[in-house]
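What follows is one structure encoded as structure tokens, with my remarks underneath.
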Amino acid sequence: MKIICVGRNYADHISELNNERPTAPVIFMKPDTAILPKQFPFVLPEFSNDVQHEVEILVKINKVGKYIDAKFAHKYYDEIGLGIDFTARDLQSQLKEKGLPWEIAKAFDGSAIIGDFLSKKDFSSLENINFELRNNSQVVQQGNTNQMLWKIDELIAYVSQYFTLKTGDIIFTGTPAGVAKVNPEDVLEGFIEDKQLFKIQVK
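What follows is the structure, given as structure tokens:
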């Protein structure tokens, strides 16, 4: 499986990082080795002094598709989840300044938290899903899918122009504002509405 990530999909997050608003989705990838095994703590990597959390709504692809029309994209997923795209912000900034790819700041081992998934039938509208991240019981990020610049079906249609989507692939759909550094002993909990979908200890 592959992990396809979307950057700059929430206007408030674009503003907080002083990034340019894109005219098309910004796409990058994480390898399967980025997935942190369940029940494992997230160990801060030694190559960064500023690893930041980015909570995101996830979509799990349920069948193979290529050149998917947005109006048919809903047929390619049944579940919605929540995760974290950990980012070595200091390393990413250095690479961006040089115009270099920044996969090593985004796709390192353990950088993808994949929580539990919920049936999309649980939601009255996929364009009105509240989600949040708590750090040590304090809410640090809040978002709603109605804030996405590109909605889930639009993202699937766009990505499938370039990459064949396969069963089990996961799309990280972007993060709202509130990203911040994580520290040893932090406890990160992710919620969709009132359901906890992951709990991670930082070491």
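Take 334 as the starting number for the sequence shown in my numbering and just add one per residue.
Built from N, CA and C at the ideal position, the CB exists for glycine as well.
### Under the three-state DSSP convention, the category residue 440 falls into
In the sequence shown, residue 440 corresponds to position 107, counting from 1. Coil at residue 440, not helix or strand.
### Query
Curious, which full-length beta strand (DSSP E) runs of at least 3 residues does the stretch 486-521 contain?
Correct list: 503-505.
### Task
Identify whether residue 315 lies in helix, strand or coil by the three-state DSSP scheme.
As displayed, the chain neither begins before 334 nor continues past 536, which places residue 315 out of reach and without an answer.
### Task
Could you please give the first and the last residue of the uninterrupted beta strand (DSSP E) stretch that includes residue 341?
For the purposes of this step, residue 341 is taken as the residue at position 8 of the sequence shown. For residue 341, there is no enclosing beta strand (DSSP E), as DSSP gives it neither H nor E.
### Query
The beta strand (DSSP E) spanning residue 362 covers which residue range?
In the sequence shown, counting from the first residue as 1, residue 362 sits at position 29. For residue 362, the enclosing beta strand (DSSP E) stretches over residues 359-363.
### Message
Assuming residue 473 is part of the beta strand (DSSP E), what are its boundary residues?
### Response
Here residue 473 corresponds to residue number 140 of the sequence shown, with the count starting at 1. If you look at residue 473, you'll find it in the beta strand (DSSP E) that goes 471-477.
### Task
Give the C-beta separation of residue 447 and residue 337 to the nearest angstrom, bearing in mind that I take them to be a contact with Cβ-Cβ under 8 Å.
If you number the sequence shown from 1, residue 447 lands on position 114. If you number the sequence shown from 1, residue 337 lands on position 4. Residue 447 to residue 337, Cβ: 13 Å. No contact.
#### Entry: Through-space distance from residue 405 to residue 425, alpha-carbon basis
Locating residue 425 in the sequence shown gives position 92, where the first residue counts as 1. Locating residue 405 in the sequence shown gives position 72, where the first residue counts as 1. Taken atom to atom, the span from the alpha-carbon of residue 425 to that of residue 405 is near 35 Å.
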